[in-house]
Amino acid sequence: LSPNDSFRKHYRQKLNISEGNLVFLLVGRVSWFKGFQVALEAFEKIITQVPNALLLIAGKGKNEIDLRSRVDRSKLIKDKVKFLGWYNYSELPYLYNCADVFLLPSLRSEGHAYTLIEAMACGLSVIATRRGGNIETVGDAGILVPPGDTNSLAKAMLELAKDTEKRRILSEKARKQAVHLFSEEVAREKISQLLKNFYRNHEL
């Protein structure tokens, strides 16, 4: 997983999204604890100030019907939110690359969220809740907000929407952070060190 301009161009064309649109992305099971409803509320708060923004929701779940109903009832965001359904893993790199900001508004700890790591590896600037593994994963390479705090999430979304330079800086830092913490090379080194320590402590 890495930044890829051709993926971005191809998938934006496929989804009928112009380069002039600023795309926020949610990926995962559409369940209450994922906090997608919080992201939707925050998006509704900022859309009048960022009229070129779109929110993509990739995933399926029991809360999807409620989210769709909320969108359909809102004149502000009815045409600004796209429900994409479930995605195969092989398609996710295209989806990450076509977005600008990744959102992980989880209401409870999830350890190290794969979607967050993958989005960062693709160079997305990220906003996540300050819970569990998100704190270590993001570090200073993104924005952390309190879980369930719609106003804080909206403020962070608006900041990245308005500040192109900050998005660029966080994009670069996110990519470096993902590679530093979770690349295959790092994983191999950690496993090697664990094995060395194990055998050293269990020598006959």
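Taking this note's numbering, the leading residue of the sequence shown gets 2, the next gets one more, and so forth. Virtual Cβ for every residue (Gly too), placed ideally from N, Cα, C.
Residue pairing of residue 83 in beta bridges, as defined by DSSP: 57. Counting along the chain, residue 129 sits inside the beta strand (DSSP E) bounded by residues 126-130.
Here residue 144 is buried, its C-beta having at least 16 other C-beta atoms within 10 Å. 40 is the residue among 50, 91, 23 and 40 whose C-alpha sits nearest the C-alpha of residue 68. For residue 37, the enclosing alpha helix (DSSP H) covers residues 37-47. Judged by DSSP secondary structure, residue 144 falls within the beta strand (DSSP E) whose first and last residues are 144-146. Non-local beta-carbon contacts of residue 140 in its own chain, meaning distances under 8 Å to residues more than five positions away in sequence, involve 178 in chain order. Rounded to the nearest whole angstrom, the C-alpha separation of residue 82 and residue 72 is 7 Å. With respect to the 9 Å criterion, residue 12 and residue 99 are classified as neighbours on the basis of their beta carbons. Within the same chain, Cβ atoms closer than 8 Å to the Cβ of residue 31 are found at 37, 58, 60, 61, 62, 63, 64, 65 and 68, the five residues on either side in sequence being excluded. The alpha carbon of residue 28 has as its nearest neighbour, out of 180, 19, 155 and 121, the alpha carbon of 121. Setting aside the 5 residues that flank it on each side, residue 74 has no residue in the same chain whose C-beta is closer than 7 Å to its C-beta. Taking the Cα of residue 182 as reference, the smallest distance to any Cα among 119, 152, 104 and 24 is reached at 119.
Residue burial is scored here from C-beta neighbours: residue 166 has fewer than 16 other C-beta atoms within 10 angstroms and is therefore classed as exposed. In the DSSP assignment, residue 171 falls outside any beta strand (DSSP E) and lies within the alpha helix (DSSP H) extending over 165-183.
If you draw a straight line from the Cα of residue 176 to the Cα of residue 136, it is about 16 Å long. Taking 9 Å as the cut-off, the Cβ atoms of residue 158 and residue 44 count as close. Judged by DSSP in its simplified three-state form, residue 102 adopts strand.
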